[in-house]
Amino acid sequence: MNESRILGLHHITAIAGNAQRNYDFYTQALGLRMVKKTVNFDDPGTYHFYYGNETGTPGTILTFFPWEGIGQGHTGTGMATEIGYSVPAGSLDFWRDHFTRLQVPSTETGERFGETFLSFTDPDGLNLALLVPDKNDSRPGWTSGEIGPEAATKGFHSATLTLKAIDPTARVLTDIFGYRLLSQEGNRYRFITDAVPDAAIVDLLETPDGKPGRNAAGTNHHIAFRVADSNAQMAYREKVLSKGLQITPQIDRDYFFSLYFREPGGVLFEIATDNPGFTVDEPLAELGKGLKLPKQYEPARAEIERSLPSLRQQG
Ligand code: ZN
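Under the working numbering, think of the first position of the sequence shown as 1348, with each following residue one higher.
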């Protein structure tokens, strides 16, 4: 792993409606671990949920802002339109039965670039897919309930971005982030980085007649790329600026440090560090169990707890 490079995907953040429904789906239907229960740092009356593998390794982290009553968004150009999870070979039959039993809608199987997938939507209509990668994915999955190691998700396989024209976004991936075009299938262009073995793929889907998406429930808010530390991160800040793009200063998100910029195709990109990680404020065994607040909101904890929707958690 080259410490100065973009190390694939770090996390993806999406918008949900009801918090309990979101929690139940991602922990039970998809079998992820809740690794952090906190609030939106810009809007502490709203939860921020983080799901991942046991430790919340970058490349496995899916986060949500559940905003009750926000209304339905719709996917379209200028956003990430599918979240792909890597699953073990031979597990898609299990997943199809499991989703049928739980009445998960819109399941569909197919093949892309020689890899089989099962696509589905979450209760807010967010598009996801389980994919069997054509090479072994050695990342251990988080196992829980009926989802054992032979089926558990291993973390991200890929993210798909939908764009009116892919070129400006492709240049960010290749000229700034160090990705290369791997292959093309119809209007889907697969980009990959060799800096990491997994969570290394971004697919760009070109739809010249596509309508812009609307960012509300059931859509992705941004995708974050991974860097080892602040040194690597700040070098990328300079690279982004040198291409004439705007980018934020470094922001402390308590569990990582972040930079944000909007790539020319309209998708909000983030660059996030590995450090300090999710065990910075609670032990590994306790991740996700208690409500964690950034220190500026700790004095208002009682009020914040009263204003958040109640959440029933297992375990
Ligand atoms: Zn983020």
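Where is the CB? At the ideal position from N, CA and C, for every residue including glycine.
Between the CA atoms of residue j and residue i - distance to the nearest angstrom
i: residue 1351; j: residue 1591; result: 22 Å
i: residue 1644; j: residue 1584; result: 29 Å
i: residue 1391; j: residue 1651; result: 7 Å
i: residue 1633; j: residue 1535; result: 41 Å
i: residue 1617; j: residue 1388; result: 16 Å
i: residue 1649; j: residue 1507; result: 40 Å
i: residue 1467; j: residue 1622; result: 32 Å
i: residue 1434; j: residue 1398; result: 16 Å
i: residue 1548; j: residue 1504; result: 7 Å
i: residue 1483; j: residue 1582; result: 32 Å
i: residue 1598; j: residue 1537; result: 30 Å
i: residue 1445; j: residue 1586; result: 45 Å
i: residue 1379; j: residue 1498; result: 12 Å
i: residue 1395; j: residue 1413; result: 7 Å
i: residue 1527; j: residue 1411; result: 29 Å
i: residue 1381; j: residue 1460; result: 31 Å
i: residue 1630; j: residue 1513; result: 43 Å
i: residue 1531; j: residue 1429; result: 17 Å
i: residue 1300; j: residue 1614; result: Outside the modelled stretch of the chain, which goes from 1348 to 1662, sits residue 1300, for which no answer is possible.
i: residue 1541; j: residue 1642; result: 38 Å
i: residue 1522; j: residue 1516; result: 10 Å
Paired residues, beta bridge with residue i - DSSP
i: residue 1474; result: 1468
i: residue 1559; result: 1424
i: residue 1490; result: None, per the DSSP bridge assignment.
i: residue 1576; result: None; residue 1576 has no bridge partner.
i: residue 1530; result: 1537
i: residue 1505; result: 1431 and 1548
i: residue 1419; result: 1564
i: residue 1607; result: 1617
i: residue 1457; result: 1464
i: residue 1413; result: 1363
i: residue 1408; result: 1358
i: residue 1553; result: 1510
i: residue 1395; result: 1385
i: residue 1571; result: 1358 and 1617
Whole-angstrom C-beta distance between residue j and residue i, which should lie under 8 Å
i: residue 1423; j: residue 1509; result: 7 Å
i: residue 1356; j: residue 1573; result: 6 Å
i: residue 1639; j: residue 1385; result: 5 Å
i: residue 1664; j: residue 1607; result: Since the first residue of the chain shown is 1348 and the last is 1662, residue 1664 is not available in this structure.
i: residue 1417; j: residue 1525; result: Wrong, their Cβ atoms sit about 36 Å apart, outside the cutoff.
Under the three-state DSSP convention, the category residue i falls into
i: residue 1517; result: helix
i: residue 1388; result: coil
i: residue 1362; result: strand
i: residue 1621; result: strand
i: residue 1601; result: coil
i: residue 1383; result: strand
i: residue 1638; result: strand
i: residue 1626; result: helix
i: residue 1439; result: helix
i: residue 1633; result: helix
i: residue 1369; result: helix
query = Residues near the ligand ZN, CB to any non-hydrogen atom under 5 Å, in chain order?
reply = 1360, 1571 and 1617
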